[in-house]
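Positions 32 to 144 (this note's numbering) are the ones given, in order, by the sequence shown. Every residue gets a Cβ at the ideal spot worked out from N, C-alpha and C, and that includes glycine. Written out below as structure tokens is the structure these notes cover.
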Amino acid sequence: MHIDTLIIADTAVNPQRSELLVFKLKFNGKGHYTLTPANVIYGYVPQMDNPYVYYSLDTSFANSFQVDYYDPSYGLMLGDFSIKLNKSASNTDNRYPQSVTFLNGSFRVQLSK
């Protein structure tokens, strides 16, 4: 069996706000990956007792995801990304920003076997 899907997720939780960022990609090693709204999940909540508000990828932005280094023997992966996400138009709660942008983001992942 060969698994070809890579999921990179990061969650930050504290009493003031919580965030969730997930990339789900068909993994092919080093290189550039094209992102679609199905590949990226971002959720934000300003207080612990509120539900997450989810954002979708802004397809008019030059979103990018790059794997710069991959060593399968150690399971180490390094890369960078830049993405812009928009709040759903159905959510009119002004506590949440209309858009969220991550520019020059980087990741270092130790893959589990």
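Asked	Found
Determine the DSSP secondary structure at Ala69, reduced to helix, strand or coil.	helix
Please report the residue range of the beta strand (DSSP E) in which Leu109 lies.	Leu107 to Lys118
Using C-beta distances below 7 Å, list every residue in its chain close to Phe58, excluding the 5 sequence neighbours before and after it, in chain order.	Asp35, Thr36 and Leu37
Tell me whether the beta-carbon of Val44 lies closer than 8 Å to the beta-carbon of Ile72.	no
In its own chain, which residues sit with a C-beta less than 8 Å from the C-beta of Met32, not counting the 5 before and 5 after it?	Note that Met32 scores a pLDDT of 41, beneath 50, so its modelled location is shaky; the value from the coordinates is reported in the next line. Excluding residues within five positions, none has a Cβ falling inside 8 Å.
Going by Cα to Cα distance, which pick from Tyr75, Val140 and Ile39 is closest to Arg126?	Tyr75
According to DSSP, is Leu142 part of a helix, a strand, or is it coil?	coil
Output needed for Tyr85: all residues of its chain with C-beta closer than 6 Å, excluding positions within five of it in sequence on either side, in chain order.	Gly74
Mapping the DSSP letters down to three states, classify Lys57 as helix, strand or coil.	strand
Once you ignore the five residues that flank Gln97 on each side, which residues in its own chain have a CB closer than 6 Å to its CB?	His63, Gly110 and Asp111
For Pro77, which of Asp99, Tyr101, Arg48 and Met108 has the nearest alpha-carbon?	Arg48
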